[in-house]
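Counting in numbering that gives the first Met the number 0, the sequence shown runs from 0 upward without gaps. The beta-carbon is built from N, C-alpha and C at its ideal position, and this holds for glycine as well. Note that the structure is predicted; figures quoted are calculated from it, not measured. Have a look at the structure below, then the notes.
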Amino acid sequence: MVADLTFYTNPQSRGQIVRWMLEEVGAPYDTEYLGYGGTMKAEPYLSINPMGKVPAIRHSGKVVTEVAAICTYLADAFPEAGLAPPPADRADYYRFLFFAAGPLEQAFSLKAVDFTPPPERRAMFGHGCWEDAIGGIERMLGDREFITGRFSAADLYVSSQLGFMLMFGMLEPRPSFSAYVARCTDRDAYRRAKQLDEQAAEELKAQA
């Protein structure tokens, strides 16, 4: 039986974040793996995401791309998973999700290619500079256990971003970040997602 939910990904991509979200949701889903520079940049996938990038999902005939949007969508589509707070309590939830998708993602990407906006041009960039973005998320998190008081899709996304930066040595392991990431990833769904992606990466490597 074909699931009503299809996940398009590559196991060595930001699709790892969505995999974790799908495992938290617990709904059945099919997975389609795409290769960089190959099936990812050709039809039929370009009809799913014209950018030719992963991840993406198709749910009940509707396509969602962009990691933060997918996480937000899944939290709303499967409320029984408890991954979004009530609408009246979503100020911090949205604030952190979109800070991580905007300034933090921009800082991460520019750091990865060793680009630093010159001081006189920082106002042109949404994140200002690396120090502004990292200092900002550190102050925003403060001493919170979780962003909204309990684990949510916002924690999943923010901790994934910070976790990637820590893993690649782009971010010094400040105690507040390391403890937050460890707290968020100490979940069965995270461990299942990691195992699935590691297995898929090995299988795709063997097929190459």
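| Asked | Found |
| --- | --- |
| For the candidate residues Gln206, Phe167, Ser175, Asp154, whose alpha-carbon lies nearest to that of Met20? | Asp154 |
| Helix, strand or coil: which one does DSSP assign to Leu4? | strand |
| If you drop the 5 nearest sequence neighbours on each side, which residues of the same chain put their C-beta closer than 8 angstroms to that of Ala213? | Absent from the structure is residue 213, since the part of the chain shown begins at 0 and ends at 207. |
| Measure the C-alpha to C-alpha separation of Pro118 and Leu109 and round it to an integer number of angstroms. | 15 angstroms |
| Report, in whole angstroms, the separation of the C-beta atoms of Glu144 and Ser175, which I expect to be a contact under 8 angstroms. | So it is not a contact: roughly 12 angstroms between Cβ atoms. |
| Does DSSP put Ala231 in a helix, in a strand, or in coil? | An answer regarding residue 231 cannot be provided, because it is not within the stretch 0 to 207 covered by the chain. |
| Between the alpha carbons of Val66 and Ala55, how many angstroms are there, rounded? | 8 angstroms |
| Residues in its own chain within less than 7 angstroms of Gly125 by CB, not counting five upstream and five downstream? | Gly101, Pro102, Gln105 |
| Beta-carbon separation of Leu161 and Val180 under 8 angstroms? | yes |
| For Arg120, which residues in the same chain have their Cβ closer than 7 angstroms to its Cβ, ignoring the five residues on either side in sequence? | none |
| Runs of 3 residues minimum, wholly inside the segment 54-82: which ones carry the beta strand (DSSP E) assignment? | 55-58, 61-64 |
| In the structure shown, what three-state DSSP assignment does Thr115 receive? | coil |
| For Ala26 and Asp3, I'd like the C-alpha separation in whole angstroms. | 9 angstroms |
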